[in-house]
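To start, the structure itself, in structure tokens.
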Amino acid sequence: MDIQRAAKKITRAKHLVISTGAGVSAESGVPTFRDALDGLWAKYDPQMLATPQAFRANPKLVWDWYWYRRELVEKTRPNPGHYAIAALEKLLPEVTLITQNVDHHHQQAGNKNIITLHGSLFAYKCANNCQGEPTSVEVSRLTWKPEDAPPTCPYCGKGKVRPDVVWFGEALPEANLRRAFELARTCDVMLLVGTSNVVYPAARLPIEALYQGAFVIEINSNPTDLTPRMSVFLQGKSGDILPQLVEAVREELGAE
Ligand code: BJW
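Residue numbers (our numbering): 24 to 279.
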């Protein structure tokens with residue numbers, strides 16, 4: 024069976040890289056981006072909310088939308104999929120998690136070795152990066168009225184404070200991106216979970232891994248454009264499949 028085949032490869036991996044997207048948090052109640060009915064982009068226009076141009080044109084709208092999402096995520100918790108990924112980090116010698124997610128659920132579930140590609144809903148910076156990239160701002164220490172949002176940068180007094188997430192057209196954090204590509208090119212097994220694989224440069228990670236001969240396992244509730252190239256495709260909810268996969272890995276480890 025495919026789960027057993029995947030578990031065998033994972034158990035014997037020299038370096039397992041796990042790459043996750045919004046689907047892994049869907050069962051926590053965090054909306055994905057591109058799911059047709061309940062994805063964020065089915066209701067909101069990304070060009071109006073997730074670009075630097077949108078923030079310049081309407082900072083309050085963008086700020087309020089991110090604040091609303093932060094509050095929504097704060098009400099949610101990691102799900103069995105996140106905990107299964109954290110268990111893999113404990114069970115196996117070399118595991119690195121690369122995530123596009125900004126919700127911190129992997130950190131809350133217990134993963135330590137994490138590379139974040141698209142920032143965090145809980146971090147903020149000066150929009151002008153007045154002290155260098157990124158000029159982090161601790162928003163809880165600022166006094167500001169919601170109606171006057173976004174607050175002004177406490178360092179330069181000019182730039183507006185913005186969420187430290189990566190918007191369309193912006194560069195990803197350089198060191199994180201470099202490390203993610205190094206790992207994709209050198210890992211022997213990659214587990215790709217809950218991403219539509221349409222947003223670059225993250226979408227290139229599984230392709231790089233495949234080029235280098237890695238065994239790539241995809242878990243998704245729906246096939247993606249990359250599915251035909253996968254070594255194994257496990258179709259279903261990550262909160263169902265990942266715990267089964269971890270159970271099978273434990274059995275493999277016990278059998279060795
Ligand atoms: C389940 C499930 C369950 C559901 N279990 N599965 C090359 C070609 C074409 C375009 C480009 C290119 N290079 C760059 C671009 C432009 C652009 C891009 O990729 N556009 C494409 C959309 C065409 N990329 C960029 O602009 C990036 N920047 C860049 O390249 O800069 C270059 C540069 C260099 C130097 C200087 C300056 C610039 C930046 C991309 C930033 C993406 N930002 C966002 C928002 C983050 C903040 C926020 O949260 O608001 O990141 S957009 C959004 O998409 C978010 C996500 O991280 C990202 C990926 O989405 P993800 O995670 O895959 O979610 P979904 O919803 O798409 O998919 C969910 C999947 O889960 C589905 O498959 C479901 O089936 C599945 N699922 N429930 C398992 N229970």
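Every residue gets a Cβ at the ideal spot worked out from N, C-alpha and C, and that includes glycine.
In this text, all values refer to a predicted model and were calculated from it rather than measured experimentally.
Quick check: the Cα distance between lysine 32 and alanine 225, rounded to an integer number of angstroms? 23 Å
Measuring from the CB of valine 222, is there a heavy atom of ligand 1 at a distance below 6 Å? yes
Which same chain residues end up closer than 6 Å to phenylalanine 238 when comparing Cβ atoms and leaving out the 5 residues on each side of it in sequence? Lys32, Val212, Ser254
Do tyrosine 223 and valine 184 have their beta-carbon atoms positioned less than 7 Å apart in this structure? no
Quick one: what does DSSP say glycine 262 is sitting in, helix, strand or coil? helix
Buried or exposed, going by whether 16 or more other CB atoms sit within 10 Å of the CB of threonine 166? exposed
Given a cut-off of 7 Å on the beta-carbon distance, is the pair histidine 128 and serine 48 in contact? yes
Could you give the uninterrupted runs of the beta strand (DSSP E) lying entirely in the segment 96-150, keeping only those of 3 residues or more? 118-122, 137-139, 142-149
What does a CB cutoff of less than 7 Å around leucine 72 pick up in its chain, not counting 5 residues either side in sequence? Val85, Trp88
Which class does serine 159 belong to by DSSP, given the choice of helix, strand or coil? strand
At which residue ranges does the segment 44-81 contain complete alpha helix (DSSP H) runs of 4 or more residues, listed in the order of the chain? 46-49, 63-66, 69-72, 75-80
Nearest CA to the CA of lysine 66: which residue from Pro54, Phe145, Asp248? Pro54
Say yes only if the C-beta of arginine 201 is nearer than 6 Å to one or more non-hydrogen atoms of ligand 1, and no if none qualify. no
Is the separation between the beta-carbon of serine 51 and that of asparagine 102 shorter than 7 Å? yes
Assign aspartate 187 to one of three DSSP states: helix, strand, or coil. strand
Which value, in whole angstroms, describes the spacing of the CA atoms of valine 189 and glycine 142? 6 Å
What distance in whole Å lies between the Cβ atoms of glycine 46 and threonine 158, which are believed to be in contact at a cut-off of 8 Å? Not really, about 32 Å apart at Cβ, beyond 8 Å.
Excluding sequence positions up to five away, which residues of its chain have a Cβ less than 6 Å from the Cβ of glutamate 270? none
Leaving out five residues on either side along the sequence, give the residues of the same chain with a beta carbon under 8 Å from the beta carbon of leucine 288. Absent from the structure is residue 288, since the part of the chain shown begins at 24 and ends at 279.
Test item: CB-CB of leucine 115 and leucine 195 under 7 Å: no
Let me check you understand the geometry: is the CB of histidine 38 closer than 6 Å to at least one non-hydrogen atom of ligand 1? no
Taking proline 177 as the reference, which of Ala150, Arg252, Arg202, Ala203 has the closest Cα? Ala150
Look at the alpha carbon of leucine 215 and the alpha carbon of cysteine 179, and state the distance between them as a whole number of angstroms. 41 Å
Give the range of the beta strand (DSSP E) segment to which glutamate 241 is assigned. 238-243
Starting from leucine 228, trace the alpha helix (DSSP H) in both directions and tell me its first and last residue. 227-234
Comparing the CB of arginine 79 with every heavy atom of ligand 1, is any distance shorter than 6 Å? no
Helix, strand or coil at threonine 166 according to DSSP, with G and I counted as helix: coil
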